[in-house]
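Counting in the UniProt record's numbering, the sequence shown runs from 1 upward without gaps.
Notes to accompany the following structure.
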Amino acid sequence: MYSYIVDHIPKGNKRLGTKLQPESITIHNTGNPTSTARNERGWLTNPYNTSSTSFHIAIDEKEVVECIPLDEIAHHSGNKQGNLTSIGVEICESGNQEKVWDNAIKLIAKLLFDRGWGLDKVTTHKKWNGKNCPRLILPRWNKFMGKVEKELSKLYSIKNQGVSEWAIEAWEWGKQKGVIDGTRPKDAATREEMTTMLYRMKEEDK
Ligand SMILES: [Zn+2]
């Protein structure tokens with residue numbers, strides 16, 4: 001799982017501050033085999049970078065960095081309509097690509113879930129202007145989207161079990177760690193149940 005860092009760039013040519021009502025999520029690869037999400041964020045405020053090109057989110061094997069608020073326009077698609085309607089997600093080419101993919105799949109599913117969107121809302125840079133981007137994912141696009149679909153249905157099934165949306169991430173974590181058994185999300189815990197959960201966590205940390 002990734003940590004989500006909000007580190008917005010100041011307003012300027014890359015972030016005009018124009019409001020965005022997103023209608024889709026556009027997937028990119030950075031085109032740079034060595035840069036991390038923080039490197040991508042750093043490049044946006046590097047004085048040598050005078051281009052207006054920008055994006056909302058960069059993601060690598062460890063972190064998600066949100067560089068522009070998701071309700072403001074970024075210049076990532078090489079296409080006016082794309083920029084005016086879509087959230088741009090840059091997937092890093094550095095690090096363990098399996099982990100990067102795993103994080104990207106989780107992030108995209110979460111972005112869809114939070115907006116009540118389906119898979120049809122995910123698109124590619126290529127679709128906007130023909131660029132071969134996301135270059136590492138395009139050759140395996142269906143496989144990638146199949147995994148997003150699986151993750152998205154997992155989120156919906158947890159919600160259907162009665163878990164509040166704000167608690168889904170923690171609930172999943174608890175199940176994975178074996179701290180909870182994944183049933184009765186709304187029940188109160190007794191003192192013995194509470195202690196057992198703490199004990200299981202201690203055992204897990206050994
Ligand atoms: Zn791109």
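For every residue, glycine included, the Cβ atom is placed at its ideal position computed from N, Cα and C.
Remember, it's a predicted structure, so these values are computed and weren't measured experimentally.
Quick one, which of the options has its alpha-carbon nearest residue i's?
i, options, result
"Ile158", "Gly146, Pro185, Glu61, Glu149", "Pro185"
"Gly162", "Asn142, Asp187, Glu98", "Asp187"
"His56", "Glu90, Gly118, Leu152", "Glu90"
"Gly118", "Glu149, Ser51, Thr183", "Glu149"
"Glu93", "Asn13, Leu16, Gly31", "Gly31"
"Trp101", "Lys147, Asp120, Leu111, Asn132", "Lys147"
"His8", "Thr50, Cys67, Glu63", "Cys67"
"Lys80", "Gly12, Asn49, Lys127, Tyr48", "Lys127"
"Val179", "Glu204, Glu165, Ser52", "Glu204"
"Ser3", "Glu169, Gly116, Lys131, Gly130", "Glu169"
"Val6", "Glu63, Asp120, Asn129", "Glu63"
"Pro134", "Ser77, Lys154, Glu151, Lys175", "Ser77"
"Asn29", "Lys121, Lys131, Glu172", "Lys131"
"Asn96", "Arg115, Ile25, Thr36", "Thr36"
"Gln176", "Ile25, Asn103, Met201", "Met201"
"Ser24", "Glu172, Lys154, Asn39, Lys121", "Lys121"
"Gly116", "Glu165, Gly182, Val65", "Glu165"
Taking all protein chains shown into account, do 16 or more other C-beta atoms lie within 10 angstroms of the C-beta of residue i, making it buried, or fewer, making it exposed?
i, result
"Pro10", "exposed"
"Lys106", "buried"
"Pro33", "exposed"
"Arg191", "exposed"
"Arg41", "buried"
"Ala58", "buried"
"Lys14", "buried"
"Ala74", "buried"
"Tyr199", "exposed"
"Glu18", "Looking at the sequence shown, residue 18 is not Glu but Thr. Thr18 should be labelled exposed."
"Ser54", "buried"
"Pro47", "exposed"
"Asn83", "buried"
"Pro139", "exposed"
"Ala189", "exposed"
"Asn129", "exposed"
If I measure Cβ to Cβ from residue i and keep anything under 6 Å in the same chain, skipping five residues before and after, which residues do I get?
i, result
"Thr124", "Ile27"
"Lys99", "Glu61"
"Leu20", "Asp71, Glu72, Ile73"
"Ile137", "Phe144"
"Ser52", "Asn13, Lys14, His75"
Taking 7 Å as the limit between beta carbons, can you name the residues of its chain near residue i, skipping five residues before and five after?
i, result
"Pro22", "Leu70, Thr85, Ser86, Ile87"
"Glu151", "Ile105, Lys106, Ala109"
"residue 242", "Because the chain is modelled from 1 through 206, residue 242 falls outside the range shown and cannot be assessed."
Does the beta-carbon of residue i, which I'm using as the reference point, lie nearer than 7 Å to any heavy atom of ligand 1?
i, result
"Lys131", "yes"
"His56", "no"
"His75", "no"
"His8", "no"
Might you give, ordered along the chain, the residues of its own chain that have their beta carbon closer than 8 Å to the beta carbon of residue i, omitting 5 neighbours on each side?
i, result
"Tyr156", "Phe113"
"Thr196", "none"
Runs of 4 residues minimum, wholly inside the region 81 to 152: which ones carry the alpha helix (DSSP H) assignment?
97 to 115, 125 to 129
Which parts of the region 157 to 197 are runs of the alpha helix (DSSP H), unbroken and 4 residues or longer, counting only runs that do not cross its ends?
168 to 177
Length-filtered (3 minimum) beta strand (DSSP E) runs lying within the region 17 to 94
24 to 29, 57 to 59, 63 to 66, 86 to 91
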